[in-house]
Amino acid sequence: MSTDETTQSAASAPASPGVRLAAGDTEVTVRPDNGCRIAGLRVGGTELLRQGDKYGCFPMVPWCGRIAHGQFRNGGELHQMPLNAAPHAIHGTGRDLRWRTARASATEAVFTYDLADPAAPWPYPGRVTQLVELAADGGSLTLTLCVEATGDSFPAQAGWHPWFLRNLGEGGEDVRLDFTPEWQEERGDDHLPTGRRIPPRPGPWDDCFGMPQGVGATLTWPGRLELAVASRAEWAVVYDEQEAAVCVEPQSGPPNGLNTLPRLVTPIDPLEISMTWSWRSPAGDTA
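So the number in the numbering used here is just where the residue sits in the sequence shown, counting from 1, plus 373.
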């Protein structure tokens, strides 16, 4: 339920060196000017994320994956989002915008954008915040998204779409992905969940999975690195249909969830979601 990205207005702006975090032998680059995506994650000099203005790891907010025909209801109001993955709308508005850097240090940075930004066609005022935290030893990275309402309540989702490199080069083997979901959301011909839960099927995938005990997955580049994805979120989309990358996307609800499983954000009840990546060498030492 993912797709390669369309051209984005934020990416058309002049390139920025971004905000750099560093600890141990890890370097993280965040591009607030291009959807606040993690543009680079280098561990021991090796880049783990697919490079390019459309890749890295971008936040999906205020919705994740596809909205059927770009439409959702909030009470009696019907709203239409731009069909940027016709016939649907995909991946929210946050990835298309220039975010503000609220603060930054050597290992932590905070970024925000207003949901009422004129460049973002979202009908409700509010604020989105992303916190990026690199562990002091350089062995893990935690991302946190918070969606706040400053006026009327509205349904929302949040999550991340990372593009992990399938192969790290130097003649190494392709990545191996291990995860154990409780179910798979059956995917219809329109790339949306049908509402039927089925036993997990073998890949390749462009599918949503349920993990009610929290998202957990491990990517292993044999002989190079092992990276664990962990989140208290209960949903993840896995997309591995591209040769260059593998995507494991923790999110607060399934695709089309604004319609099928709405989570209401109110002025006193924001939506918050976190995800942590941690890595080590195959021998067990921190990479």
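In this text, a Cβ means the ideal position worked out from N, Cα and C, and glycines have one as well. These figures come from a predicted structure and were not determined experimentally.
For residue 499, same chain residues with a beta-carbon under 6 Å away, outside a window of 5 residues either side, are 488, 521, 522 and 523 in chain order. Note on geometry: alpha-carbon atoms of residue 441 and residue 548 lie some 32 Å from one another. Between the segment 390 to 408 and the segment 586 to 596, the count of Cβ pairs shorter than 8 Å is below three; the stretches do not touch. Rounded to the nearest angstrom, the gap between the Cα atoms of residue 643 and residue 519 is 7 Å. A distance below 6 Å between beta-carbons, with the five flanking residues on each side excluded, links residue 588 to the following residues of its chain, in chain order: 604, 606, 609 and 623. Taking a 10 Å sphere around the C-beta of residue 528, we find 16 or more other C-beta atoms and assign the residue as buried.
Note on the segment 536 to 567: whole beta strand (DSSP E) runs with a minimum of 3 residues are 549 to 552 and 556 to 560, in chain order. Residue 634 sits away from residue 640, with the two beta carbons spaced by 8 Å or more. Each residue's CA atom was taken as its position, placing residue 567 and residue 557 some 11 Å apart. Of 569, 600 and 492, the smallest CA-CA separation from residue 539 is found for 600.
Annotated three-state conformation of residue 589 is strand, per DSSP. For secondary structure counted as the beta strand (DSSP E) over 3 or more consecutive residues, the segment 378 to 439 holds these complete runs in sequence order: 392 to 396, 399 to 404, 410 to 416 and 430 to 433.
Taking C-beta separations shorter than 6 Å and ignoring five residues to either side along the sequence, the partners of residue 419 in its chain run 541, following chain order.
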